[in-house]
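>
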Amino acid sequence: MSLRSPVRTVLSKASRSTIQRTAKPLLSTSFQRHVAHAKQFEKPSKHPKGFELPTDDDLSDLRESVVDFVRREIPWDLAQETDQKNEFPMHLWEKMGDAGLLGITADTEYGGVAMGYQAHCIVLEELSRASGSIGLSYAAHSQLCVNQFQLHGNAKQKKKWLPGLIAGQKIGSLAMSEHTAGSDVVSMKTTAKKVDGGYQLNGGKMWITNGPDAHVVIVYAKTDPEAGSKGITAFIVDTSSPGFSVARKLDKLGMRGSNTGELLFDNVFVPESDMLGPLNGGVKVLMEGLDLERLVLSAGPLGLMKAALDCTLPYVHERKQFGIPLAHNQFIQGKIADMYTKYRASAAFTYSIARFIDQSHEHPDIRTVDCAGAILYAAERATECGMDAIQCLGGMGYMNEMEAGRIMRDAKLYEIGAGTSEIRRMVIGRAFNKEFSKSSSARWGAV
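Structure, rendered in structure tokens:
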């Protein structure tokens with residue numbers, strides 16, 4: 001596929017149209033209030049250079065083009081094969097790169113398309129609708145790796161890595177979790193010892209998406225083990241470095257084909273120039289990207305809910321029992337109604353937050369409760385929709401030749417990865433505790 005692929009053409013058109021636009025959309029009083037609040041703190045933008053708010057037509061054109069890409073490049077049999085063989089179709093990386101999908105929120109000077117988080121959610125949703133595992137690997141690459149370079153990398157680091165990552169010639173990953181440090185980030189054991197010219201990394205990382213295939217991994221390690229959360233630093237690790245190895249590729253319940261591994265670091269030397277962000281500022285780097293990660297990843301369950309409806313609706317209208325289609329049975333109608341409603345409610349939640357973040361790009365006001373809430377709600381609803389799809393299909397739903405089981409297994413990961421549902425509830429609860437501890441008359445704000 002050439003660089004003038006249909007998707008990239010739409011992305012370029014969207015970027016141009018937003019830059020050329022002079023009329024600004026009317027902003028709600030609530031939005032203006034949030035912007036005024038955000039201006040007090042003047043946080044740096046989380047959007048690429050030259051970003052302009054896309055129109056509804058821009059986003060609609062993007063979705064249509066991504067759907068066309070998916071139909072062409074990720075047919076049903078490829079999605080099934082990816083799951084059954086537990087192997088990612090490696091040719092898709094450059095296909096996605098050629099289409100412009102890997103640099104949605106990256107600067108154009110590095111090959112990105114300078115769009116925002118609504119666009120990123122659309123791409124992940126439609127990829128996940130075809131294959132949850134392909135969507136997850138895409139998100140780990142484009143959001144957890146590429147966007148971290150975009151937000152925290154210096155010019156030299158971006159120039160070295162972003163063009164290859166955005167073109168799909170290089171694969172990216174992020175490594176934070178360990179055997180003993182999942183949700184409890186600060187308890188990580190991986191260390192980075194200062195040596196002449198840089199740091200020496202020792203330790204291991206677990207459950208790392210894209211880990212077995214990655215050319216570059218953003219690794220979090222302790223540079224000051226006694227300093228707790230203030231002693232962790234992010235590093236850019238070239239996986240061709242001596243001492244780096246993949247201990248094993250993991251065999252998962254779901255998201256099969258989204259290659260996941262255990263990584264080992266045995267005296268891996270990392271030049272000081274490959275530190276991402278400030279020394280001992282790794283938690284800040286991690287946390288500043290975490291809310292955006294939660295938001296974008298919430299689009300994965302949206303795609304899976306769509307997929308559940310895709311496989312259920314035709315079946316229940318074609319399959320007959322007692323002389324009538326299953327869809328004429330009120331119990332089945334109830335499940336279909338619930339599946340549809342869960343998808344629509346989840347999509348409304350995710351895209352309202354994405355729209356708000358895009359609107360506030362000049363003065364970012366990214367609310368943890370909203371981003372955590374979006375993925376918490378969507379993830380649990382997607383698992384329920386997967387289970388309902390299996391039930392509606394009955395015996396065929398339990399067969400691996402149908403995709404209902406794959407959808408359910410894939411959906412469950414979103415209740416565990418990138419923060420469990422329990423942690424997300426704690427995050428939301430603590431955020432409200434913090435807000436109300438400042439004032440007994442505090443009012444919670446909604447977008």
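Each step along the sequence shown adds one to the number in UniProt numbering, with nothing skipped, and position 224 is 224. By construction, the Cβ of each residue, glycine as well, lies at the ideal position given by its N, Cα and C atoms.
What separation, rounded to the nearest whole angstrom, lies between the Cα atoms of threonine 209 and serine 173?
Whole-angstrom Cα-Cα distance: 7 angstroms.
> Assuming methionine 176 and leucine 286 make a contact with CB atoms under 8 angstroms, what is their CB distance in whole Å?
7 angstroms between Cβ atoms; contact.
> Pop quiz: methionine 402 and methionine 408 are said to be a contact at Cβ under 8 angstroms. What is the actual Cβ separation, rounded to whole angstroms?
Going by Cβ atoms, the distance from methionine 402 to methionine 408 rounds to 11 angstroms, so no, they are not a contact pair.
> Does DSSP classify tryptophan 202 as helix, strand or coil?
The sequence given here has asparagine at residue 202, not tryptophan. Asparagine 202: strand per DSSP, three-state reduction.
> Out of Met426, Arg381, Asn147 and Tyr315, which has the shortest C-alpha to C-alpha gap to residue 475?
Outside the shown range of the chain (1 to 447) lies residue 475, about which nothing can therefore be said.
> Whole angstroms are fine: how far does the CA of proline 278 sit from the CA of aspartate 266?
If I take the Cα positions, the gap works out to 23 angstroms.
> Quick one, which of Ile353, Leu326, His91 and Leu201 has its alpha-carbon nearest alanine 372's?
For alanine 372, the nearest C-alpha among the options comes from Ile353.
> Of the residues Thr368, Ile232, Met339 and Ile236, which one's Cα is nearest the Cα of leucine 292?
Taking only the C-alpha atoms, the option nearest leucine 292 is Thr368.
> To test your reading of the DSSP string, which unbroken beta strand (DSSP E) runs of 3 or more residues are found completely within the segment 370-416?
List check, beta strand (DSSP E) in window: nothing returned.
> Evaluate phenylalanine 149 with the Cβ neighbour count: other Cβ atoms within 10 Å of its Cβ, from every protein chain shown; 16 or more gives buried, anything less gives exposed.
Label assigned to phenylalanine 149: buried.
> Give me the Cα-Cα distance between glutamate 362 and cysteine 121, rounded to the nearest whole angstrom.
Cα to Cα, the separation comes out at about 20 angstroms.
> I'd like the list of long-range same chain contacts for glutamate 126, defined as Cβ closer than 6 angstroms, with 5 residues on each side in sequence excluded.
Excluding sequence neighbours, glutamate 126 sits near Val66, Val67 and Val70.
> Should isoleucine 324 go down as buried or exposed, given a rule of 16 or more other Cβ atoms within 10 Å for buried?
Looking at its Cβ environment, which holds fewer than 16 other Cβ atoms inside 10 Å, isoleucine 324 is exposed.
> By DSSP's criteria, glycine 429 is part of a beta bridge. Which residues make up the other side?
Glycine 429 is not bridged to any residue.
> Within this structure, are the beta carbons of isoleucine 171 and leucine 297 separated by less than 8 angstroms?
Not closer than 8 angstroms, so no.
> State whether the segment 373-393 contacts the segment 295-312, with contact taken as three or more CB pairs (one from each stretch) at a distance under 8 angstroms.
Taking 8 angstroms as the limit for Cβ pairs, the verdict is that the segment 295-312 does touch the segment 373-393.
> Please say whether threonine 191 and alanine 234 have beta carbons closer to each other than 8 angstroms?
Going by C-beta atoms, alanine 234 is not nearer than 8 angstroms to threonine 191.
> Look up glutamate 435 in the DSSP assignment and say whether it is helix, strand or coil.
Correct three-state label for glutamate 435: helix.
> Using a Cβ-Cβ distance under 8 angstroms, would aspartate 274 count as near chain D?
No chain D is part of this structure, which consists of one protein chain only.
> Do three or more CB pairs link the segment 415-432 to the segment 189-203 at distances below 8 angstroms?
The segment 415-432, when compared against the segment 189-203, does not touch it at the 8 angstroms Cβ threshold.
> Unbroken alpha helix (DSSP H) runs of length 4 or more, entirely within the segment 150-223: which are they?
The qualifying runs are 155-167.
> With a CB to CB cut of under 8 angstroms and the five nearest residues on each side skipped, what residues in its chain are close to serine 421?
Once the five neighbours on either side are set aside, the close Cβ partners of serine 421 are Leu376, Ala379, Glu380 and Glu415.
> Of the residues His215, Gly203, Lys95 and Phe51, which one's Cα is nearest the Cα of valine 268?
Selected option, being the one with the closest Cα: Gly203.
> Rounded to whole angstroms, how far is the Cβ of leucine 162 from the Cβ of alanine 106, which I believe are closer than 8 angstroms?
Contact holds; Cβ gap of about 6 angstroms.
> On a Cα-Cα basis, can you pick out the residue from Lys284, Ser360 and Gly394 that is closest to phenylalanine 331?
That would be Gly394, whose Cα lies nearest to the Cα of phenylalanine 331.
> Taking a contact to mean a Cβ-Cβ separation below 8 angstroms, would you say leucine 101 touches methionine 255 in this structure?
No, the Cβ-Cβ distance between leucine 101 and methionine 255 is not below 8 angstroms.
> Who does methionine 275 pair with in a DSSP beta bridge?
Answer is Phe235.
> Per the DSSP calculation, proline 325 is bridged to which residue(s)?
Note: proline 325 sits in a beta bridge opposite Lys320.
> If you compare alpha carbons, which of Arg406, Gly417 and Lys434 is closest to glutamine 84?
That would be Arg406, whose Cα lies nearest to the Cα of glutamine 84.
> Assuming phenylalanine 356 is part of the alpha helix (DSSP H), what are its boundary residues?
Start and end: 330-359.
> Could you check how far apart the C-beta atoms of leucine 302 and tyrosine 343 are, in whole angstroms? I think they sit under 8 angstroms.
Sure, about 7 angstroms apart at Cβ, within 8 angstroms.
> Between the C-alpha atoms of asparagine 154 and methionine 275, what's the straight-line distance to the nearest angstrom?
In a straight line, the C-alpha of asparagine 154 is about 10 angstroms away from that of methionine 275.
> Could you tell me which residues DSSP pairs with glycine 261 in its beta bridges?
Paired residue(s): Ile208 and Lys249.
> Tell me, which residues are paired with aspartate 266 by DSSP?
Looking at the DSSP assignment, aspartate 266 forms a beta bridge with Asn202.
> Using only alpha-carbon positions, find the residue among Asp56, Thr108 and Arg129 that is nearest to glutamine 118.
When only C-alpha atoms are compared, the closest one is Asp56.
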